[in-house]
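One structure is given here, and the rest of the page talks about it.
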Amino acid sequence: DTEVTQTPKHLVMGMTNKKSLKCEQHMGHRAMYWYKQKAKKPPELMFVYSYEKLSINESVPSRFSPECPNSSLLNLHLHALQPEDSALYLCASSQGTEYMNTEAFFGQGTRLTVV
Amino acid sequence: AQTVTQSQPEMSVQEAETVTLSCTYDTSESDYYLFWYKQPPSRQMILVIRQEAYKQQNATENRFSVNFQKAAKSFSLKISDSQLGDAAMYFCAYLSGDRDDKIIFGKGTRLHILP
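Residue numbers (the numbering used here), protein chains in the order written: chain S, 1 to 115; chain R, 116 to 230.
This is the structure in structure tokens:
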């Protein structure tokens, strides 16, 4: 199983709503990532979790709140978002650089629209 | 800080022909990994090929091969016998070997395949 599963695939939310994006992998990967991707742009790193602990926060606004309940799950809690936060949110996982297989596996993303 | 540069925003190639996508990077590290990812309209980022910096031999994966020039900090992707399914956005990516798990992407090259 080399799959990273993201739900939902599409999400429309109002600026006062609270919603969560979910990501799951069963490859035993120790690193999990959230990326934000705007149209025709490369993915921008938001957060990295390593062994279920937040290791990188790329100065992301507090209206985005990550959570790693266990080694297989990664959530992104959303609250009071702005229309400019509309984007494709990608989750990824990897074994990490202490292993030979360093590549990140990506989910299909959640297309988020903030209205 | 490491940077990844893809100087070709768009390229086109005739079906069955060969095309080369360029990527240069800047780093002071000696241990790192380089990747080419493909992102078709389906949105999912798919690993095309991986190169470890300590390996002198260029990586090859079926119709995909790289020309890794470590001294020049160049990592180009060659696609042979181009197929319609190769049409996608291609991102060059860098991962430091110091275990910070931070994958840095170039801006991408959109590849069109002409029938």
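Glycine included, each C-beta is placed from N, C-alpha and C at the ideal position.
Using a 10 angstroms sphere on the CB of V12/S, the tally of other CB atoms stays under 16, which defines it as exposed. Uninterrupted beta strand (DSSP E) stretches at least 3 residues long and entirely within the segment 123 to 150 of chain R occur at 125 to 129, 134 to 136 and 139 to 141, given in chain order.
Note on V114/S: 16 or more other CB atoms within 10 angstroms of its CB, so buried under the neighbour-count rule.
In this structure, the alpha-carbon of E167/R lies about 31 Å from that of Q129/R.
Beta-bridge pairing by DSSP links T102/S to no other residue. In this structure, the straight-line span from the alpha carbon of H26/S to that of W151/R is close to 24 Å. Nearest Cα to S94/S within the set K36/S, Y51/S and G14/S: Y51/S. For P83/S, the three-state secondary structure derived from DSSP is helix.
By the CB criterion at 7 Å, D141/R and T118/R fall inside the cutoff.
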